Amino acid sequence: MFLSLVTILQLFFISAKLDKMTKKDEKLRDQEGYLAIKTIHGVLDNDQSGSIERYESADFLTEDLKFGESEREKREKAFHGNDESITVDDLWDAWFQSDVREWGEKQVIDWLVNGVKLPQYVNNFMREGITGIDFPRLAAQNSSIFNSLDIKNSVHRQKLQLKALDLVLFGSQDSSSLIKDIALACLLICLISLLIIFKAYKNRAKKQMEELSTRLSKLRDMETDFEGVHQQQKFEEENKVQQQQPTEDSNGEVNAAKGYNYNPVLDFENEQKLLGVGGGDLSIGGMDGGEHFFFLQTLLRRTYEIESAYLDKQRTDCLLEMREAMELVDKMRKKQSSIVNSLKLATGATSGTDDIDTKIFSLKA
């Protein structure tokens, strides 16, 4: 048991030692790759101090790679981590541990076609057997690997070099993570937009409710005023009837003597006949003064009753329309108590308020 534990510890230390040696051995095995890393480091190290400071990497990301603020911060964090300065060995160690370095030919071809958008060079890459280990040479400026790949177009060379440089310095960007970020951002924007729209609709529905309440108050005030006027008119009529009662009694005697039959519901045609409309002027030559007075009083009484009946009918019609309008307003208020109907009203659905306004205007008239 003790021997097996010792053996495991020995294997652990040997493995750790081999890992340390691997980085150093890789410099010797892939000298072109290490020199390419050194060249890349020199490009970023503007003051040639031997280390890349944060401001130097920020300038490179903004001016050379043309990244925006958010992308620049993301890549700067991935490049520096907790280190304020990056040496050549730091850059080599980061590249040695990069997943891109483990890419095979298939992954490189996929990057060339979908990432760089230069599928015309697929055969060239396959012929040279380009793998992830070769990316530092692709990322270095004026590298001879482009001659081996037979890429003569300077624009294509620069595009390949910048794309490869992005992978060497910052590693592969997880496209699924980017898609998730975009989806979350879109979802957040939609949610905020919906909240703003719902708030606006709610305010509009509240305003409509206040308008309906105001209309209902106006209708109730009009009904109260109407009833007051009617009561006052009724009171005045009763007083007038009481005052004219003695006169009417004497009128009855005269009318009976002269053969007049009093009919309070005489229609308009009979009224015209009595007044002589269409048949010349009213002939009163055969009447004495008293008869003339009582005859005119009877006609005035009938005219008054016809006008009163007409006004009563108008009052009844107005009260009916007023109650219909009040019922309509009350119905609209009840409908707006539900969320669905409030949204319908807020989004511009017909609310019936135009009909209510028309009724109120006609009642005022």
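Residue numbers (mature numbering (1 follows the signal peptide of the UniProt record, and there is no 0)): -16 to -1, 1 to 349.
Just so it is clear, CB atoms sit at the ideal spot from N, CA and C, and this is done for glycine as well.
The structure displayed is predicted, hence computed values, not measured ones.
Compute the minimum distance between the beta carbon of residue i and the heavy atoms of the ligand FAD, and state whether it is under 7 Å.
| i | result |
| --- | --- |
| residue 168 | Looking for the ligand FAD in the displayed structure turns up nothing, as the structure carries no ligands at all. |
So what's residue i in DSSP terms, helix, strand or just coil?
| i | result |
| --- | --- |
| residue 129 | helix |
| residue 68 | coil |
| residue 36 | strand |
| residue 124 | coil |
| residue 303 | helix |
| residue 81 | coil |
| residue 137 | coil |
| residue 73 | helix |
| residue 101 | coil |
| residue 208 | helix |
| residue 248 | Residue placement at residue 248 cannot be trusted, given a pLDDT of 45 that sits under 50; the coordinates are not used to answer. |
| residue 198 | helix |
| residue 357 | What the structure shows of the chain is the stretch from -16 to 349, and residue 357 is not part of that stretch, so it cannot be assessed. |
| residue 42 | helix |
| residue 31 | coil |
Using a Cβ-Cβ cut-off of 7 Å (strictly less than) and excluding sequence neighbours within five positions of residue i, which residues of its own chain qualify?
| i | result |
| --- | --- |
| residue 119 | 84, 148, 151, 152 |
| residue 42 | 56, 60 |
| residue 79 | 21, 85, 120, 152 |
Mind checking residue i: buried by the 16 CB within 10 Å criterion, or exposed?
| i | result |
| --- | --- |
| residue 51 | buried |
| residue 12 | exposed |
| residue 309 | buried |
| residue 313 | buried |
| residue 142 | exposed |
| residue 167 | exposed |
| residue 105 | buried |
| residue 92 | buried |
| residue 18 | buried |
| residue 133 | buried |
Short of 8 Å in beta carbon distance, which residues of its chain neighbour residue i, apart from the five on each side in sequence? Order them along the chain.
| i | result |
| --- | --- |
| residue 27 | 44, 125 |
| residue 100 | 143, 144, 147 |
| residue 67 | 74 |
| residue 40 | 28, 29, 30, 31 |
Using a Cβ cut-off of 8 Å (strictly closer), state whether residue i contacts chain D.
| i | result |
| --- | --- |
| residue 287 | Going by chain labels, chain D is absent from the structure shown, which holds only one protein chain. |
What is the residue span of the alpha helix (DSSP H) that residue i lies within?
| i | result |
| --- | --- |
| residue 49 | Note, residue 49: premise wrong, no alpha helix (DSSP H); not H, not E. |
| residue 108 | 106 to 112 |
| residue 93 | 89 to 94 |
| residue 16 | 15 to 28 |
Leaving out five residues on either side along the sequence, give the residues of the same chain with a beta carbon under 6 Å from the beta carbon of residue i.
| i | result |
| --- | --- |
| residue 20 | 120, 121, 124 |
| residue 114 | 92 |
| residue 36 | 28, 29, 70 |
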